[in-house]
Each structure stands twice: as structure tokens, then as C-alpha cells.
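2 protein chains.
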Amino acid sequence: MSLYLALIHYPVSNKNGEVVATSITNLDIHDLARSAKTFGAQGVFFVTPVPSQQWFARRIIVHWSKGVGAVYNPTRKVALELVRLVNDLAAVGEAIHTETGRAARFVATTAKERPNTVGFVELRPLIETTEDPYCLVFGTGWGLDPDLFEQMDFVLEPIRGPSNYNHLSVRAAVAIVLDRLMGRNT
Amino acid sequence: MSLYLALIHYPVSNKNGEVVATSITNLDIHDLARSAKTFGAQGVFFVTPVPSQQWFARRIIVHWSKGVGAVYNPTRKVALELVRLVNDLAAVGEAIHTETGRAARFVATTAKERPNTVGFVELRPLIETTEDPYCLVFGTGWGLDPDLFEQMDFVLEPIRGPSNYNHLSVRAAVAIVLDRLMGRNT
Chain L
1 MSLYLALIHY PVSNKNGEVV ATSITNLDIH DLARSAKTFG AQGVFFVTPV PSQQWFARRI
61 IVHWSKGVGA VYNPTRKVAL ELVRLVNDLA AVGEAIHTET GRAARFVATT AKERPNTVGF
121 VELRPLIETT EDPYCLVFGT GWGLDPDLFE QMDFVLEPIR GPSNYNHLSV RAAVAIVLDR
181 LMGRNT
Chain C
1001 MSLYLALIHY PVSNKNGEVV ATSITNLDIH DLARSAKTFG AQGVFFVTPV PSQQWFARRI
1061 IVHWSKGVGA VYNPTRKVAL ELVRLVNDLA AVGEAIHTET GRAARFVATT AKERPNTVGF
1121 VELRPLIETT EDPYCLVFGT GWGLDPDLFE QMDFVLEPIR GPSNYNHLSV RAAVAIVLDR
1181 LMGRNT
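So the protein lines, in turn, are chains L and C. What the first sequence shows, in my numbering, is residues 1 to 186, in sequence order. What the second sequence shows, in my numbering, is residues 1001 to 1186, in sequence order.
(1) Name the one or two DSSP bridge partners that L:Ser2 has.
(2) For C:Gly1119, which residues from the same chain have a beta carbon less than 7 Å from its beta carbon, with the 5 sequence-adjacent residues on both sides left out?
(3) Within its chain, find whatever has a CB closer than 6 Å to the CB of C:Thr1129; leave out the 5 residues flanking it on each side and keep chain order.
(4) Can you give me the Cβ contacts of L:Leu27 inside the same chain, cut-off strictly under 8 Å, excluding the 5 residues immediately before and after it?
(5) Of the residues L:Met1, L:Asn185, L:Arg180, L:Ile8, which one's Cα is nearest the Cα of L:Leu89?
(6) Measuring alpha carbon to alpha carbon, tell me which of C:Val1071, C:Asp1179, C:Ala1103 ends up nearest C:Glu1131.
(7) Using a Cβ-Cβ cutoff of less than 7 Å, which residues in the same chain neighbour C:Arg1114 once the five nearest sequence positions on both sides are dropped?
(8) In chain order, what residues of the same chain have a beta carbon less than 6 Å from the beta carbon of L:Lys15, not counting five sequence neighbours either side?
(9) For L:Thr75, which of helix, strand or coil comes out of DSSP?
(10) Could you pull the DSSP bridge partners for L:Ala108 from this structure?
(11) What would DSSP say about C:Arg1180, mapped onto helix, strand or coil?
(12) So what's L:Ser163 in DSSP terms, helix, strand or just coil?
(13) When DSSP builds the beta bridges, which residues end up paired with C:Ile1008?
(14) From L:Val47 to L:Arg184, what distance separates their C-alpha atoms?
(15) Looking only at its own chain, which residues have a Cβ that is under 6 Å from the Cβ of C:Ala1079, when we skip the five neighbours before and after it?
(16) So, does the CB of C:Thr1075 fall closer than 8 Å to a CB anywhere in chain L?
(17) Cα separation between C:Ser1065 and L:Arg58?
(18) Tell me whether C:Leu1144 sits in a helix, a strand or coil according to DSSP, three-state version.
(19) What residues in its chain sit with their C-beta under 7 Å from that of L:Ser2, if we drop five residues either side in the sequence?
(20) Kindly say whether C:Ala1172, judged by its beta-carbon, lies nearer than 8 Å to any beta-carbon of chain L.
(21) Do C:Asp1145 and C:Ser1013 come within 8 Å of each other at the CB atom, strictly closer than that value?
(22) Does L:Ser13 come out as helix, strand or coil in the three-state DSSP assignment?
(23) Return no unless some Cβ of chain C is closer than 8 Å to the Cβ of L:Ile127.
(24) With a threshold of 8 Å on Cβ separation, who are the neighbours of L:Thr140 within its own chain once the five nearest residues in sequence on each side are excluded?
(25) Could you check whether the Cβ of L:Phe56 sits closer than 8 Å to any Cβ belonging to chain C?
(26) If the cut-off is 8 Å on Cβ atoms, which residues from the segment 172-186 of chain L count as contacting chain C, listed in chain order?
(27) Tell me which residues of the segment 1029-1049 of chain C have at least one Cβ-Cβ distance to chain L shorter than 7 Å, keeping chain order.
(28) Once the 5 residues before and after L:Ile96 are set aside, which same chain residues still bring their CB inside 7 Å of it?
(29) With a 10 Å radius around its C-beta and 16 neighbouring C-beta atoms as the bar for buried, classify C:Gly1017 as buried or exposed.
(30) Given this structure, state the Cα-to-Cα distance separating C:Asn1073 from C:Phe1045, to the nearest angstrom.
(31) Would a C-beta distance cut-off of 8 Å place L:Val107 and L:Asp153 closer than the cut-off?
Below, the structure written as C-alpha cells:
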């Protein structure tokens, strides 16, 4: 079993449905890395083709995984070591193939209802029982560019609570998806 | 059934186990409010006795619930309207009593193993079947001041994944706890 995360900063939608690139944020790096480490994911890909964004993110990663931060807070170090920076989803697939020798199965996440989604209780045993690596793909901004869904093997159903409101932050959504697929709810 | 959240900024522990006050962060306000709204909580208390911190937080809340932000992003408005600022846990209890006419049952959360914890699968039906309001209490910094646990009715067991690493952000922990207690994992 192997599981990866990808957080897409391009191509994603903005409020008006246009394709944009969003900025990588410091807290997304920390929160996703810590959630990934807690739930046993092997890597977290931050996806953006913007060089200045990769430069910014790399400074944070180096600070906490090799610099002063690694000594100050070793639990951050082991989480931040999971983070990689890549240009696009193809590069995610290549990196996972290099590490595992297998093609990744990509799982899109979405807050909107879409056709042909897979449920959490269906997906969990698939991840547990196969040797194929799975990569959960999350969007920033107003969500993944619609064209990206054509590159996915699965679309995971939206997270639902008791209300019709489901505007979770990506940090909250990643945490819940990982817990539902990998956690032990006792 | 009624459920509330409280995020404690004082008294909490720092890295060395000393009692400190932490700063309220913009992103905690947004993330906790959005998670609370998604999972049907009635209110989110940010607890700090520091006036400048309450002033800072109030500016953010007003911006998104009544100011320019409320027009720009109405989904933030309805989430941020759940947020209240109070000095201490006693004030949380008073506010909940005023709203519900009943005494709140306080549930501490912790990342560390502690004696006499209640499990998620035990707590969920308690919340669902009683008319007493429940308030989930989360710490910032290195966690709730140990003395606070004496004021609690329950201590919720730590979130566990498949690894021994459980250094989740408070944003991730709140999301997972709400999902386990109120979500529909389908």
C-alpha cells in the first residue's frame, strides 16, 4: 500500500470559473505535511509551474527540514521531508513511478457533486489491498480545473456533514479525507 | 442536539511546559468557522483574555461577516457569524447556558494519551441523544494547560492514524474530530 497527496496550484478555477495559478501558502505546507505524516502517506506534492512560487516553498521546506527549524522542532522536520515541488501532474506521476515502480492511480477530490464518484468506504479497501500507489489530488482556489478530471482514475465523493454547507478549507478537507481512508475511528 | 467548539489561547503550554498565551491567527478563525458550519456546530469560541488579541480577531470577524468580505464571499459570512470572543472557559459556559438554557458538557481534546478518555464511537451517540449542549475544547501551542482538564466532563481519546506520529495542526484535528462525531462517512 502506498499513498501520496498532490495539492494543485495550477490549473485551478477562480471565483469566476477562470483558470488561474494560486499562491503556495506556508500553512498549507505545514498542515498537509503533518496530516500526511500522521496518516502514513509517502509524499506530498505541491504542484505549480511558477518558479518564484517553487523558490518560496523550497525556502520553507529547507528551513524546517535542514535549517534552524529542524533543530527547533524535529516533528516538523520529519513531516516537511515528505514535501516535493513539481511543475505539473505528469511530474507527480513520474516521481511516484520512480519511487514505486508502478503507475499511480489518481483520485480527484471535489466539494461539488459530480457523476461517477467513488465513495470513501469503496476506496479505502482498494488502497489497502493493491500494490498500485494512489495519489489523492486536491485543488486550491475555487477547485480543480474541470479539464483535470479527464486525467483521473477516480473522483472521490464530496465530504458531507449534517448541513448543506460544505465550504471546508483544503487543510480541513485533506485531514478528513486521510482520516476516512487511513485513520482508526475508535 | 447542540455542539460548540472552543479554541483556547490561554492557558496553554509552550514547548517547555510553561503556561503561556498564544496569538489568535487569521487562518484558525476561517478554518474552524468553516469546519464548524459544515458539521452543524452552533458556535466557535476563541478564548483569550488579551484585549489586543480580541481586537485583532474582531476586525477579521467584522470584515467577513458585516464588511466588504461579506459581499465578496457570502459563504465566509455565514461561517464567520459562528465565531465569538471570550475571556475564559467560564464565559464559554455562560454563553452556552444563555443560548440553550442548559449547562454545557465540556470535552477536552488531546494529542497525548491520558487516563479515562472517551472514544469517538462512545461520544457520538451521547451528543446525538442528549439535549445537553456539548463543547469540544481544543488547545493551541503545545496543548491545553494540564489544570484545565480538571474542569472537563470528558477527555476525548487522541486521533490515531496508522503511524505513531500524531502532530496534527489544530485545524486538521478540529476537522477530523467534527467529522468523526458529526460526519457521514459513506
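Note that beta-carbon positions come from the ideal geometry of N, C-alpha and C, so glycine has one too. Here the structure is a predicted model, which is why all the values come from computation and not from measurement.
Result, derived from the coordinates:
(1) For the purposes of this step, residue 2 of chain L is taken as the residue at position 2 of the first sequence. Paired residue(s): L:Pro133.
(2) Looking up residue 1119 of chain C in the second sequence gives position 119. Glu1157, listed in sequence order.
(3) By 1-based counting over the second sequence, the position of residue 1129 of chain C is 129. No residues qualify anywhere along the chain.
(4) Residue numbering aside, residue 27 of chain L sits at position 27 when the first sequence is read from its first letter. Taken in chain order, the residues that qualify are Arg171.
(5) Here residue 89 of chain L is taken as the residue at index 89 of the first sequence, counted from 1. It is L:Ile8 whose Cα lies nearest to the Cα of L:Leu89.
(6) Locating residue 1131 of chain C in the second sequence gives position 131, where the first residue counts as 1. The option with the nearest alpha carbon to C:Glu1131 is C:Ala1103.
(7) As a first step, residue 1114 of chain C is located in the second sequence; it is residue number 114 there, counting from the start. For C:Arg1114, where only same-chain residues beyond five positions count, the Cβ hits under 7 Å are Val1155.
(8) Position 15 of the first sequence, counted from the first residue, corresponds to residue 15 of chain L. Within the same chain, L:Lys15 has close Cβ partners Trp142.
(9) Taking the first sequence and counting its residues from 1, one reaches residue 75 of chain L at position 75. Helix, per DSSP.
(10) Mapped onto the first sequence, residue 108 of chain L falls at position 108. In the DSSP output, where bridge partners are listed per residue, L:Ala108 has L:Val137, L:Val155.
(11) What you label residue 1180 of chain C is simply residue 180 of the second sequence in a count that begins at 1. In the three-state DSSP reduction, C:Arg1180 falls in the helix class (H, G or I).
(12) Looking up residue 163 of chain L in the first sequence gives position 163. In the structure shown, L:Ser163 sits in coil (DSSP, three-state: anything other than H, G, I, E or B).
(13) Sequence index remark: in the second sequence, residue 1008 of chain C carries index 8 (1-based). In the DSSP output, where bridge partners are listed per residue, C:Ile1008 has C:Val1047, C:Gly1139.
(14) By 1-based counting over the first sequence, the position of residue 47 of chain L is 47. By 1-based counting over the first sequence, the position of residue 184 of chain L is 184. Computed Cα separation, rounded: 29 Å.
(15) The residue labelled residue 1079 of chain C in the question sits at position 79 within the second sequence. If the five residues before and after C:Ala1079 are omitted, its C-beta is found closer than 6 Å to the C-beta atoms of Ala1033, Arg1034, Lys1037, all from its own chain and listed in chain order.
(16) As a first step, residue 1075 of chain C is located in the second sequence; it is residue number 75 there, counting from the start. Output row for C:Thr1075: interface = yes.
(17) Residue numbering aside, residue 1065 of chain C sits at position 65 when the second sequence is read from its first letter. Residue numbering aside, residue 58 of chain L sits at position 58 when the first sequence is read from its first letter. When rounded, the separation of the alpha-carbon atoms in C:Ser1065 and L:Arg58 is 35 Å.
(18) Here residue 1144 of chain C refers to the residue found at position 144 of the second sequence. In this structure, C:Leu1144 counts as strand in the three-state DSSP scheme.
(19) The residue labelled residue 2 of chain L in the question sits at position 2 within the first sequence. Residues Gln42, Thr100, Pro133 of the same chain have their beta carbon placed closer than 7 Å to that of L:Ser2, with the five preceding and five following residues left out of the count.
(20) Residue mapping note: residue 1172 of chain C aligns to position 172 of the second sequence, counting from 1. It does; some Cβ of chain L falls within 8 Å.
(21) Here residue 1013 of chain C refers to the residue found at position 13 of the second sequence. Here residue 1145 of chain C refers to the residue found at position 145 of the second sequence. A contact, by the Cβ cut-off of 8 Å.
(22) In the first sequence, counting from the first residue as 1, residue 13 of chain L sits at position 13. In the structure shown, L:Ser13 sits in a strand (DSSP, three-state: E or B).
(23) Within the first sequence, numbered from 1, the residue matching residue 127 of chain L stands at position 127. No, L:Ile127 lies away from the interface with chain C (no Cβ there is under 8 Å from its Cβ).
(24) What you label residue 140 of chain L is simply residue 140 of the first sequence in a count that begins at 1. Excluding sequence neighbours, L:Thr140 sits near Leu7, Ile8, His9, Val12, Thr22, Asp28, Val170.
(25) Residue 56 of chain L sits at position 56 when you count from the first residue of the first sequence. Not an interface residue.
(26) Under the 8 Å Cβ criterion, the segment 172-186 of chain L contributes Ala172, Ala173, Val174, Ala175, Ile176, Leu178, Asp179, Arg180, Met182, Gly183, Arg184, Asn185, Thr186.
(27) His1030, Asp1031, Arg1034, Ser1035, Lys1037, Thr1038, Phe1039, Gly1040
(28) As a working mapping, residue 96 of chain L is identified with position 96 in the first sequence. If we look at L:Ile96 and ignore the five residues flanking it on each side, its Cβ neighbours are Tyr4, Ala104, Pro133, Cys135.
(29) Locating residue 1017 of chain C in the second sequence gives position 17, counting from the first residue. Classification for C:Gly1017: exposed.
(30) The sequence position of residue 1073 of chain C within the second sequence is 73, counting from 1. The sequence position of residue 1045 of chain C within the second sequence is 45, counting from 1. In a straight line, the C-alpha of C:Asn1073 is about 22 Å away from that of C:Phe1045.
(31) For the purposes of this step, residue 107 of chain L is taken as residue 107 along the first sequence, with counting starting at 1. For the purposes of this step, residue 153 of chain L is taken as residue 153 along the first sequence, with counting starting at 1. Yes; because the gap between Cβ atoms is below 8 Å, this pair is in contact.
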